[in-house]
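Q:
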Amino acid sequence: MTLAQTTAASPGRIAAAREIESLHNAEQCSKAVRTVADHAADAADCQRLLEMLGLDASLGRRP
Numbered sequence: 002m003t004l005a006q007t008t009a010a011s012p013g014r015i016a017a018a019r020e021i022e023s024l025h026n027a028e029q030c031s032k033a034v035r036t037v038a039d040h041a042a043d044a045a046d047c048q049r050l051l052e053m054l055g056l057d058a059s060l061g062r063r064p
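In this note's numbering, the protein residues as written are 2 to 64.
Here it is as structure tokens:
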């Protein structure tokens with residue numbers, strides 16, 4: 002018997018796990034944007050680096 006057959010994940014648990022993962026991803030992206038901004042030579046360099054990484058500068062704003 003496989004694990005998939007013995008334990009069924011409820012839709013609520015899956016949704017909760019996805020929400021946690023989404024929040025974690027947003028936090029990591031925010032930290033990445035701030036790190037890039039800290040190390041960039043100027044605003045143009047920062048924008049180029051963020052574009053290379055597929056990040057949006059607005060993600061670095063703290064709530």
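Glycine included, C-beta positions come from ideal geometry on N, C-alpha and C. Quantities reported herein were computed from a predicted structural model and do not represent experimental measurements.
Could you check whether L54 and A33 sit closer than 8 Å to each other, using their CB atoms as the reference points?
A: In contact: A33 and L54 (Cβ atoms closer than 8 Å).
Q: Who are the Cβ neighbours of L56 in its own chain at under 8 Å, not counting the five residues just before and after it?
A: Answer for L56: C30, A33, V34, V37, listed in chain order.
Q: What do you get for G61, buried or exposed, if any count of 16 or more other CB atoms within 10 angstroms of its CB means buried?
A: Buried.
Q: Any idea what DSSP makes of D46, helix, strand or coil?
A: Helix.
Q: Tell me where the alpha helix (DSSP H) around D39 begins and ends.
A: Here the alpha helix (DSSP H) through D39 covers 12-40.
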